[in-house]
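Undergrad: Residue numbers (the numbering used here): 1066 to 1334.
For each residue, glycine too, the CB sits at the ideal point set by N, CA and C.
Have a look at this one.
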Amino acid sequence: MLLVNKEKSLNVTATTSLSPAGVNVCRDWYASSTGQATLARVQTIISRMSADIFGYYALETGVLAGQYSFLQESRVASQFSLGGGSGERVSIVGTPEQLPFALNNMDLVVASHALDCSRSPHQVLREIERVLVPEGHCILIGFNPISFKGLAQLRYWYNPQARHCHFYSTFRVREWLSVLGFEVCETVSAGFCPVFGGDYLFKRARWLDRLGSQFRLMTGNVYIIHAQKKVSNMTLLLPSRKVKPVLRPGMIVNPGAGRVSRKEPNNAK
């Protein structure tokens, strides 16, 4: 049974919600031609990653939650979307930093750009680890700093809104996941076209998408990391027991008798 913490779902404060400016930057980019093409590719990748994931509950959170669903083909029975405002088309109001669910409740969590726009990305990962069941799965979507999108972020760094969206490398995110006990199953990159130049350059650079997908390059504008929560097996240590000797004092072995017998020494009177 899904257990929801109503206090967390109602207590959405400015200190724990995603940066509104960062959210707007992400959503504006996905509205562009490059963003739409990348979004379609991300959907294909996530559908493949989640094809063999079964369970009772799945959660979508982050920038695209309520705007777009990546779990349309998921085999998980019940799916929920979590967002930070009543104006969004989400099923539960809350924030990635304070997920309003009980411990070990979710089988799959998909977080879209939650790390990029959060003031506390480590807390986002800790919350995902908390609500996932043992052996549960999480799929993280984020902007790749080693890409055209990363170069554009540096170019427009003087823009106050751009500063609210942080790009973390896949190496750093994988390291954070490892500290929390996750095992990274797969890392994929998507969207290799330039993000500047408008539709004119985008149409003439579509071959970069085919090239990047064919050779599985890690220079796409967006990364997708699939990780699984691992729980270490505890070995039960039993108290040591002293082994009792077969022969007691005063006993000797008679090879012909086939069993232990008691014999008195010859000099015993």
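Excluding the 5 residues preceding and the 5 following residue 1284 in the sequence, name in chain order all residues of the same chain whose CB lies nearer than 8 Å to its CB.
TA: Translated into the one-based positions of the sequence shown, residue 1284 becomes position 219. 1209, 1211, 1212, 1254, 1257, 1277.
Undergrad: At the level of alpha carbons, what is the spacing between residue 1292 and residue 1234?
TA: For this step, residue 1292 is matched to residue 227 along the sequence shown. For this step, residue 1234 is matched to residue 169 along the sequence shown. Going by the C-alpha atoms only, they are around 16 Å apart.
Undergrad: Check the C-beta distance from residue 1189 over to residue 1183 and give it rounded, since I have them as a contact under 8 Å.
TA: Taking the sequence shown and counting its residues from 1, one reaches residue 1189 at position 124. Taking the sequence shown and counting its residues from 1, one reaches residue 1183 at position 118. So it is a contact: roughly 5 Å between Cβ atoms.
Undergrad: Using only the alpha-carbon positions, how far apart do residue 1170 and residue 1246 sit?
TA: Position 105 of the sequence shown, counted from the start, is the residue given in the question as residue 1170. Position 181 of the sequence shown, counted from the start, is the residue given in the question as residue 1246. Answer to the nearest angstrom: the Cα atoms are 17 Å apart.
Undergrad: Assess, as a yes-or-no matter, whether the stretch 1130-1138 is touched by the stretch 1107-1114 under the definition of 3 or more beta carbon pairs within less than 8 Å.
TA: yes
Undergrad: Mind reading off the beta-carbon distance from residue 1207 to residue 1288? Whole number of angstroms is fine, and I expect it under 8 Å.
TA: Within the sequence shown, residue 1207 is the residue found at index 142, counting from 1. Within the sequence shown, residue 1288 is the residue found at index 223, counting from 1. In this structure residue 1207 is in contact with residue 1288, their Cβ atoms being roughly 6 Å apart against a cut-off of 8 Å.
Undergrad: Determine the DSSP secondary structure at residue 1274, reduced to helix, strand or coil.
TA: In the sequence shown, residue 1274 corresponds to position 209, counting from 1. Of the three classes helix, strand and coil, the one that applies to residue 1274 here is helix, per DSSP.
Undergrad: Tell me whether residue 1263 is buried or exposed, calling it buried when 16 or more other Cβ atoms sit within 10 Å of its Cβ.
TA: In the sequence shown, residue 1263 corresponds to position 198, counting from 1. Around the beta carbon of residue 1263, fewer than 16 other beta carbons sit within 10 angstroms, so the residue counts as exposed.
Undergrad: What's the C-alpha gap between residue 1236 and residue 1244?
TA: Within the sequence shown, the letter at position 171 stands for residue 1236. Within the sequence shown, the letter at position 179 stands for residue 1244. Using only the alpha carbons, I get a separation of about 13 Å.
Undergrad: Who pairs with residue 1145 in a beta bridge, going by DSSP?
TA: Here residue 1145 refers to the residue found at position 80 of the sequence shown. For residue 1145, which the question treats as bridged, DSSP gives the partners 1124.
Undergrad: Secondary structure at residue 1084, three-state DSSP: helix, strand or coil?
TA: Looking up residue 1084 in the sequence shown gives position 19. In this structure, residue 1084 counts as coil in the three-state DSSP scheme.
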